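Engineer: Residue numbers (this note's numbering), protein chains in the order written: chain A, 32 to 616; chain B, 97 to 178.
Just so it is clear, CB atoms sit at the ideal spot from N, CA and C, and this is done for glycine as well.
Here the structure is a predicted model, which is why all the values come from computation and not from measurement.
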Amino acid sequence: MIELPPPAWLLLVGALLVPVLPASLRRWYVILLPALAFFYIARLPEGLSWQVQFFGHDLTLLRVDKLSRIFGYIFTLNAFAAMVYAFYVKESGQHLAALFYIGSALGAVFAGDLVSFYFYWEVMAVASTFLILARRTEKALASGMRYVLVHLAGGLCLLAGIVLHIHTTGSVTFDPMVERTLAAWLMLAGVLVNAAAPPFSAWLSDAYPEATVTGGVILSAYTTKTAVYTLLRGFPGWEILIVIGCLMTLYGIIYALLENDMRRILAYSIINQVGFMVTGAGIGTAVALNGAAAHAFAHIIYKALLWMSAGAVLYRTGKSKCTDLGGLYKTMPWTLLFGTIGALAISSFPGTSGFTTKTLIIEGAVHQHLVWAWLVLEIASAGVFLHAGIKFPYFVFFAKDQGLRPAEAPRSMLLAMGFLAFICIFLGVYPQPLHAILPYQMEPYQAYTVGHVTTQLQLLMFSALVFFLFLPLLKRTDTIALDTDWFYRRGGSLFYRGADRLLNGLNAAVDRLVVQGLARGLARFAENGPAHLLWLAAGPFWPTGGEAETALVRQKFYRRMAVGALSVGSMAALATLFVAFFYLY
Amino acid sequence: MNSSEKQSFLERPGAIRILWILLWAVCGLTLVPELFIERHPHFSFDGFFGFAAVLGFVACALLILIAKGLGFFLKRKVDYYD
């Protein structure tokens, strides 16, 4: 029987055609490719295939189960929408990078062994960098370089863990890590870099807002969600993830509240949302894991939608700071409408997808009686409405009218946004199709009870009330907020200056001591030493008169000695004196 | 601003006042259903009337104040890294 190839290959090989196709054909081709991959994934039979030998290890290049399939669906679905959105892009480079990036993300979630998983993980890091570099601004170049360095460092950590794991267990299959070994911890650290868990989170808010308009949309989905997949697959029930996830939810909110750049606000809200999923992975029960997977699914859609609406604003106005924007509701009403649907979905407003997925994770925390985790998740849910639900649309589309009158977003962008907005609402009122593809067995969950809806509405509406009551405190300032990237951006130059002081200071001191002190002393000794010794030995016997004469004779003697011009007679006399001297003593 | 542009609802005098009244009214409305349903508190401290409303209000107020406070230490000019 012919084995069906992994879906990643469809995109990776298909991407190679992108540079040679004419532009008019290319834009349709890149939309078609992910759509094809979506239906291909739906047709793949479950199980392991493509088992090949690689340096004595049995690799499994394709593993299809419910967990990999749900991520496969959402990755390709989102790629389809993103490519419709990117219809206006003329250069082939961005499409090539995007398809490699999405393809390798698919590869990672369908990889059955750690070796091929790692391979895709690294391709993803490199390909995604080009979506940032493609912006071609100086800032984008710099943050792209920082981005790839952080990811390569994280990748090395993952690799160290994988090598150690294979070495100790002898197995390359990618199964849940049960033992808390050093290898597993190293892998977890590498994965958490990609999940943007603080303190390794600053790469996200540093790089994504510098990406191109479509680059930001595409980047928002894959790196962090592949990490969420890896946590669900490899580290379910690791309690530390509950703590890390809860921290991420709050950290994302606080920084999003401090931010001025709209795409940076959205970048921080990714960290906040991934925090919910990481917590779900940490809780580790079927409900919580399903919640994390479902939330990843819903999140990718509404987050892409939010990035799309922000991207449309950036595309039309060339501005992304809240202090420069405002009043856009007048000329970009559709972008506002779709953006608001995304904002409501991320806030889990009843009737949107977020409400039917995030509540599963919170339910998981309640089932396990995790009081603190539950409380933090509820607080964070309120905070999401604050920063992403209201702050983003309010400051971009309303607030102070800056007199900007840009045209409405291009039709392809509106089409893509409309499609995703539809899914947000569809999954909000009819979550059954999503619940049917969840990876783990659980009791059917009913999100829409009067109690659930009431408490959620109370939570959200009172958050909105606080937002408008505290509006003076939220006034935007044209500033940035320091994050952990300070350590390698400023810390780097501080380190350089410190090292400069220390090493060059040391250098100067050693120079004074050795080169100027010791070496010169040695040179002087080599020059005058013999004469000095001779003078000491022979001086008392030298026929001299007064002090002045002695000094003169001595000077003459030194000079002659230095040039080796002592007469043979005096040399002989001195030698005799020496011998006599030693003989007498 | 273009003077021929038709004035939107939001710019009319009194519109903001109407929106404020609406916001308070909706907040009040969300409390109403709780009068008629049996509460199922998950833990010991969340059983009182309007718990979610209080939580939402207090949590957001705290988050904003914390962010504001941290802003004094963390905010820098945009060209800080240049």
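Could you have a look at R108/B and say whether DSSP puts it in helix, strand or coil?
Structural biologist: Coil.
Engineer: Sort E169/A, M279/A, T310/A, I133/A by Cα distance to L401/A and report the nearest one.
Structural biologist: Ranking E169/A, M279/A, T310/A, I133/A by Cα distance to L401/A puts T310/A first.
Engineer: Out of L375/A, A329/A, G595/A, T383/A, which one is the CA nearest neighbour of V415/A?
Structural biologist: When each option's Cα is compared against that of V415/A, the closest is L375/A.
Engineer: Should K587/A go down as buried or exposed, given a rule of 16 or more other Cβ atoms within 10 Å for buried?
Structural biologist: The residue in question, K587/A, is exposed, as its Cβ has fewer than 16 Cβ neighbours within 10 Å.
Engineer: Tell me, please, whether the region 94 to 102 of chain A touches the region 412 to 428 of chain A by the rule of three or more beta-carbon pairs shorter than 8 Å.
Structural biologist: No contact exists between the region 94 to 102 of chain A and the region 412 to 428 of chain A.
Engineer: Does DSSP put S140/B in a helix, a strand or coil?
Structural biologist: It is coil, neither helix nor strand.
Engineer: Going along the chain, which residues of the region 111 to 131 of chain B sit with their C-beta nearer than 7 Å to a C-beta in chain A?
Structural biologist: Answer in chain order: L119, V122, C123, T126, L127, P129, E130.
Engineer: Could you name the residues of chain A that R172/B contacts, counting a contact when the two beta carbons are closer than 8 Å?
Structural biologist: T510, I511, A512, L513, listed in chain order.
Engineer: Within 10 angstroms of its Cβ, does K506/A collect 16 or more other Cβ (buried), or is it exposed?
Structural biologist: The residue in question, K506/A, is exposed, as its Cβ has fewer than 16 Cβ neighbours within 10 Å.
Engineer: What's the C-alpha gap between L490/A and L79/A?
Structural biologist: Roughly 45 Å separates the two Cα atoms.
Engineer: Use the C-beta contact count for S300/A: other C-beta atoms within 10 angstroms, 16 or more gives buried, fewer gives exposed.
Structural biologist: Buried, since its Cβ has 16 or more Cβ neighbours within 10 Å.
Engineer: Would S100/B count as contacting chain A if we go by Cβ distances under 8 Å?
Structural biologist: Low confidence applies here, because S100/B scores a pLDDT of 48, under 50, leaving its location unreliable and the question unanswered by this model.
Engineer: Out of curiosity, what's the CA-to-CA distance linking M97/B and G434/A?
Structural biologist: Annotation note: pLDDT 42 at M97/B (below 50); position unreliable, coordinate value reported separately. Taking the straight line from one Cα to the other gives about 6 Å.
Engineer: For F161/A, which residues of its own chain have a beta-carbon under 6 Å away from its beta-carbon, when the five flanking residues on both sides are left out?
Structural biologist: So the qualifying residues of the chain are A128.
Engineer: Nearest CA to the CA of I511/A: which residue from A557/A, T354/A, I456/A, A413/A?
Structural biologist: Checking every option, the nearest Cα to that of I511/A belongs to T354/A.
Engineer: Is the Cβ-Cβ distance between A155/B and A495/A less than 8 Å?
Structural biologist: The answer is no: Cβ separation not under 8 Å.
Engineer: Helix, strand or coil for K422/A? Go by DSSP, reduced to three states.
Structural biologist: Helix at K422/A.
Engineer: Return the bridge partner residues of F85/A from the DSSP annotation.
Structural biologist: H88/A.
Engineer: With a threshold of 7 Å on Cβ separation, who are the neighbours of A554/A within its own chain once the five nearest residues in sequence on each side are excluded?
Structural biologist: Counting only Cβ-Cβ distances below 7 Å, and skipping sequence neighbours, we find nothing.
Engineer: Please say whether R74/A and H126/A have beta carbons closer to each other than 8 Å?
Structural biologist: No, these two residues do not count as a Cβ contact at 8 Å.
Engineer: Whose Cβ in chain B lies nearer than 7 Å to the Cβ of V402/A?
Structural biologist: Chain B residues near V402/A: F139.
Engineer: Of all the residues that make up the region 265 to 294 of chain A, which are near chain B by a beta-carbon distance shorter than 7 Å?
Structural biologist: Within the region 265 to 294 of chain A, the qualifying residues are I284, I285, L288, L289.
Engineer: Nearest chain B C-beta to P481/A closer than 8 Å, yes or no?
Structural biologist: The amino acid at residue 481/A is misidentified as Pro; the sequence shows Val. Yes, V481/A counts as interfacial toward chain B.
Engineer: My parser needs the alpha helix (DSSP H) runs of 4 or more residues fully inside the region 381 to 407 of chain A; what are they?
Structural biologist: Fully enclosed alpha helix (DSSP H) runs of 4 or longer: 384 to 398.
Engineer: Going by the DSSP bridge assignment, what does D292/A pair with across the sheet?
Structural biologist: D292/A pairs with K352/A.
Engineer: Listing by chain order, which chain A residues have their CB less than 9 Å from the CB of G167/B?
Structural biologist: Under the 9 Å cutoff, chain A gives L288, L289, T508, T510, A512.
Engineer: How about E130/B and T362/A: do their beta carbons lie closer than 8 Å?
Structural biologist: No, the pair does not count as a contact, with Cβ atoms beyond the cut-off.
Engineer: Give the interface partners of V497/A over in chain B, defined as CB-CB distance under 8 Å, in chain order.
Structural biologist: Ordered by position in chain B, the residues that pass the 8 Å Cβ test against V497/A are G152, F153, C156, A157, I160.
Engineer: Under 8 Å, do L195/A and A142/A count as touching if we go by C-beta distance?
Structural biologist: Contact: no.
Engineer: Taking a contact to mean a Cβ-Cβ separation below 8 Å, would you say L250/A touches Y239/A in this structure?
Structural biologist: Yes, the Cβ-Cβ distance between L250/A and Y239/A is below 8 Å.
Engineer: Taking the beta carbon of L42/A as the centre, do at least 16 other beta carbons fall within 10 Å, making it buried, or is it exposed?
Structural biologist: Flag for L42/A reads buried.
Engineer: Measure how close the beta-carbons of L320/A and P424/A come, nearest whole angstrom, since I'm counting them as under 8 Å.
Structural biologist: Not a contact, Cβ separation roughly 32 Å.
Engineer: Which residue wins for smallest C-alpha separation from L130/A, given the options G185/A, I193/A, Y60/A, Y104/A?
Structural biologist: Comparing Cα-Cα distances from L130/A to each of G185/A, I193/A, Y60/A, Y104/A, the minimum goes to Y60/A.
Engineer: How is T485/A classed by DSSP in three states: helix, strand or coil?
Structural biologist: T485/A falls in the helix class under three-state DSSP.
Engineer: At a cut of 8 Å, does the region 153 to 167 of chain A reach the region 282 to 293 of chain A through at least three beta carbon pairs?
Structural biologist: No, they do not touch.
Engineer: Which bits of chain A does G146/B rub up against, with CB to CB less than 8 Å?
Structural biologist: Ordered by position in chain A, the residues that pass the 8 Å Cβ test against G146/B are Q489.
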